[in-house]
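Visitor:
Numbering (this note's numbering), first residue to last: -15 to 393.
Now the structure itself:
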């Protein structure tokens, strides 16, 4: 079957890579390719720390990074740690959570495992179909006498319903922790993410637009929570004095902090590149049947870190997973987020086999959401290539469908 369109030299289905053709892109496009900032500035910092031979234990780069992040977010305390999972575990422990904690199922499994590893019981809550964030209306019906807190997640950098969650936490006397792994340098209601709840946590993993290679942070305005995290991240020690509390070694290294400081210098330029790509995707995919781009509130500060689309199979005539396979064959390494939902992963699919019945929106989103490549490593020409591939696949979905069963395992 031959078409009039020209997609990087492709005019018929046989030229699609999934059917044996040459991939449209010579190099693979990734979701979350790391930003490293100015290499010369980074090497200067690395040479500095090597000359000083101070590699860890709350060195000057770590202290500087904590100060600059706290200043950027307008929060009293920033405590850097070894990774985002450690940040969650320490925040939950420092805030005194115990027993049951309400958490979204539509999130990365590490969010839930952080609770599990602290001996807490995750109670899965459904998401809002519009924002993809935890639905405050569903939280209240899950609260029991054993509930001690809510762990909410700002997905894609789009803030949770912070006022509604604060009201629930206040009325029910619950602790409120936010996983803000996606939301560094974002704002809600004119306030920076990091200022809400009892504490908020960040991941500075290499895939995040602001990264320290590996790392994370707990930020809070609560002096007691900050003091607890400071002690717990250093194996329970305060200065050189041991504590009666069991801690862990979760300190950030000077090397990680040096990278973070370097990336922080380019933060505005990185966000500008993310925004440029977001607007380009928005325009290019606006009229593609069955493809809906998750929108950001542009009146609020945002990092535009994720390009998220929902694939409506009934309208696109292709499932999300079929479109994913087509894109990956063309070297567009799009990602399913967060498939299949935490409640369907072990140990929860065994211990809570029927919980999916109350998570209708989570189950729906897990089958529809796809994240596309963006960031400083992705050019507008490459964005065009991704969008034209999607448009081509959807336009000729019925013809493609007749061949996919024999092409896919």
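For glycine and all other residues, C-beta sits at the position ideal for the given N, C-alpha and C. These figures come from a predicted structure and were not determined experimentally.
(1) Check each candidate in 144, 255 and 308 and name the one with the smallest Cα separation from residue 356.
(2) Can you give the beta carbon distance from residue 68 to residue 186, rounded, assuming they're within the 8 Å contact cut?
(3) Assign residue 121 to buried or exposed, taking buried as 16 or more other Cβ atoms, counted over all protein chains shown, within 10 Å of its Cβ.
(4) To which residues does DSSP link residue 349 through a beta bridge?
(5) Assign residue 51 to one of three DSSP states: helix, strand, or coil.
(6) For residue 17, I'd like the list of residues in its chain whose CB is within less than 7 Å of its CB, leaving aside the five on either flank, ordered along the chain.
(7) Here's a check: name, in chain order, each residue in its chain whose Cβ is nearer than 8 Å to the Cβ of residue 101, leaving out the five neighbours to either side.
(8) Is the beta carbon of residue 137 closer than 8 Å to that of residue 91?
(9) Is it true that the CB of residue 133 sits closer than 8 Å to the CB of residue 158?
(10) Since residue 235 and residue 42 are thought to touch, with beta carbons under 8 Å apart, how far apart are those beta carbons, to the nearest angstrom?
(11) Is the distance from the Cβ of residue 373 to the Cβ of residue 302 below 8 Å?
(12) Measuring alpha carbon to alpha carbon, tell me which residue in 386, 52 and 253 is nearest residue 22.
(13) Return helix, strand or coil for residue 320, following the three-state DSSP convention.
(14) Sort out for me which residues DSSP pairs residue 159 with in a bridge.
(15) At 3 residues or longer, and completely inside the region 38 to 86: list those beta strand (DSSP E) runs for me, N to C.
(16) Which residues mark the beginning and the end of the beta strand (DSSP E) in which residue 200 is found?
(17) How many angstroms separate the CA atom of residue 276 from the CA atom of residue 315?
(18) 8 Å is my cut-off, CB to CB: does residue 21 come that close to chain C?
(19) Just reading off the beta strand (DSSP E) that residue 184 is part of, what are its end residues?
(20) Take residue 249 as the anchor and find which of 3, 24 and 199 has the nearest alpha-carbon.
(21) Classify residue 246 as helix, strand or coil using the three-state DSSP reduction.
(22) How many Å lie between residue 320 and residue 262 at the Cα?
(23) Within 10 angstroms of the Cβ of residue 327, are there 16 or more other Cβ atoms? Answer buried if so, exposed if not.
Guide: According to the structure shown:
(1) 308
(2) 7 Å
(3) exposed
(4) For residue 349, which the question treats as bridged, DSSP gives no partner whatsoever.
(5) helix
(6) 359 and 361
(7) 73
(8) yes
(9) yes
(10) 7 Å
(11) no
(12) 253
(13) strand
(14) 133
(15) 61 to 65
(16) 200 to 204
(17) 22 Å
(18) Among the chains in the structure shown there is no chain C, since it carries only a single protein chain.
(19) 183 to 187
(20) 24
(21) helix
(22) 18 Å
(23) buried
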